[in-house]
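Asks: My questions will all concern the structure given below.
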Amino acid sequence: MPTPKVCAVDSIPIDISFPMHQGNSTSFIYLLIYRGGMGKKESESQGAYKDHVEQTIRSYDLNAEEYENRYRSVEEPFLDFLLKFARTANKGRILDIGAGTGNDSKLLKSRGFDVTCLELSEEMDKRCRAKGLKTINMDMREMHLPANSFDAVLAKESLLHLRKSEIPKVFEKIKMILKPGGHLGLIMREGDADHILKEDAYFPQRFYSRFRKHRLDRLLRQHFDVIYDRVFEHRNKFLFSYILKNKKF
């Protein structure tokens, strides 16, 4: 039996490749083994990550290529929401928080916005830049950006990777960087979750928080005026979509 070639990535997944020879050519069979057993996706040991966000970002880094291949364009009903947001928001500078591979930002750029992607995953950040987008590689919890520097902010299914206790402070940061009367486009998921999603399709599993609508409404109205509010279903999940206006004080 040929000697396997072993490559470890931070000792999390172990990639073992067996050389297979046929004629004058050599190919490899790859096996992916996760700690705890071959082919078994188990949660990593406690303390493997500093916090839930680090684990989630690690997941996006490792799965960025698959993610981009799966989501090559903006899907409905998200497309309808983005187009409405583009029509409503003040044209100018827009910050896309948790921009992923940059599909939403690319669409907004085509609609006349000066888009900046804020993305903590380095692999996702690279894919945004490959699309010709400006990027900031930064944790949304640590946004140190000038006050009144953006006309609009988009946070489409990105804040849901934070703990519920962290989200109010992020709203305060968004309010600060938005110009008076600026707009926030927001999508969150319905539910009570505030934990690592064990049934996640990606590994390491990502962290999700979900809200009951009345609680999210109450939190949002502390900082913004609600000008659009719609609940929709997508892939057996209920999502809340909002277009909000920064309150003037």
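Heads up: the sequence shown at position 75 corresponds to 1224 in the numbering used here, and the numbers run straight through without jumps. Backbone N, C-alpha and C fix where the C-beta goes; we use that ideal spot for every residue, glycine too. Source: prediction; values computed, not measured.
1) Just to confirm my understanding: we take Q1171, look at its own chain, exclude 5 residues before and 5 after, and list those with CB closer than 6 Å. What are they?
2) Nearest to I1206 by CA position, among R1379, F1262, H1310, C1277, is which residue?
3) Where R1338 and Y1209 are concerned, what is the direct C-alpha to C-alpha distance, given to the nearest angstrom?
4) Are the CB atoms of Y1391 and L1335 within a distance shorter than 7 Å?
5) Quick one: give me the first and last residue of the alpha helix (DSSP H) that K1324 is part of.
6) Could you tell me the distance, in whole angstroms, from the CA atom of F1381 to the CA atom of F1389?
7) So who's on the other strand from K1280, going by DSSP bridges?
8) Count the other CB atoms within 10 Å of the CB of K1268; is the residue buried (16 or more) or exposed (fewer)?
9) How is D1210 classed by DSSP in three states: helix, strand or coil?
10) Taking Cβ positions, are G1251 and L1231 nearer each other than 7 Å?
11) DSSP puts G1330 in a beta bridge; with which residues?
12) Relative to the alpha-carbon of E1271, which residue among D1263, S1358, T1284 has its alpha-carbon at the smallest distance?
13) Pick helix, strand or coil for T1250, following the three-state DSSP scheme.
14) From the DSSP secondary-structure annotation, give me the bridge partner or partners of D1374.
15) So L1244 and I1326 are supposed to be a Cβ contact under 8 Å. How far apart are they, rounded?
16) Rounding to the nearest angstrom, what Cα-Cα distance links E1217 and R1278 in this structure?
17) What is the rounded straight-line gap between the Cα of M1273 and the Cα of K1258?
Replies: In brief:
1) Residue mapping note: residue 1171 aligns to position 22 of the sequence shown, counting from 1. Any answer about Q1171 is weak, because its pLDDT of 42 lies below 50 and its placement is not dependable; what the coordinates show is given next. Within the same chain, Q1171 has no close Cβ partners at all.
2) On the sequence shown, position 57 is the one that residue 1206 refers to. The option with the nearest alpha carbon to I1206 is H1310.
3) Numbered from its first residue, the sequence shown carries residue 1338 at position 189. Numbered from its first residue, the sequence shown carries residue 1209 at position 60. When rounded, the distance between both Cα atoms is 19 Å.
4) The sequence position of residue 1335 within the sequence shown is 186, counting from 1. The sequence position of residue 1391 within the sequence shown is 242, counting from 1. Against a cut-off of 7 Å, the Cβ pair of Y1391 and L1335 comes out as a contact.
5) Residue mapping note: residue 1324 aligns to position 175 of the sequence shown, counting from 1. Where K1324 is concerned, the enclosing alpha helix (DSSP H) stretches over 1316-1326.
6) Numbered from its first residue, the sequence shown carries residue 1381 at position 232. Numbered from its first residue, the sequence shown carries residue 1389 at position 240. Each residue's Cα considered, the two are about 7 Å apart.
7) Working through the sequence shown from its first residue, we reach residue 1280 at position 131. Bridge partners of K1280: none, in fact.
8) Position 119 of the sequence shown, counting from 1, holds the residue named residue 1268. At residue 1268 the sequence reads Glu, which differs from the Lys that was named. Buried, by the Cβ-count rule.
9) On the sequence shown, residue 1210 is found 61 positions in, with the first residue counted as 1. D1210: helix per DSSP, three-state reduction.
10) Against the sequence shown, residue 1251 aligns to sequence position 102. Against the sequence shown, residue 1231 aligns to sequence position 82. No.
11) Position 181 of the sequence shown, counted from the first residue, corresponds to residue 1330. G1330 pairs with nothing; no bridge assigned.
12) By 1-based counting over the sequence shown, the position of residue 1271 is 122. Per the Cα distances, T1284.
13) The residue given as residue 1250 occupies position 101 in the sequence shown. Coil.
14) Against the sequence shown, residue 1374 aligns to sequence position 225. K1394, per the DSSP bridge assignment.
15) Counting from one through the sequence shown, the residue named residue 1244 turns up at place 95. Counting from one through the sequence shown, the residue named residue 1326 turns up at place 177. Their Cβ separation, rounded to whole angstroms, is 7 Å, which keeps L1244 and I1326 in contact under 8 Å.
16) Within the sequence shown, the letter at position 68 stands for residue 1217. Within the sequence shown, the letter at position 129 stands for residue 1278. Distance from the CA of E1217 to the CA of R1278, rounded to the nearest whole angstrom, comes to 13 Å.
17) Looking up residue 1273 in the sequence shown gives position 124. Looking up residue 1258 in the sequence shown gives position 109. Approximately 18 Å between the Cα atoms of the pair.
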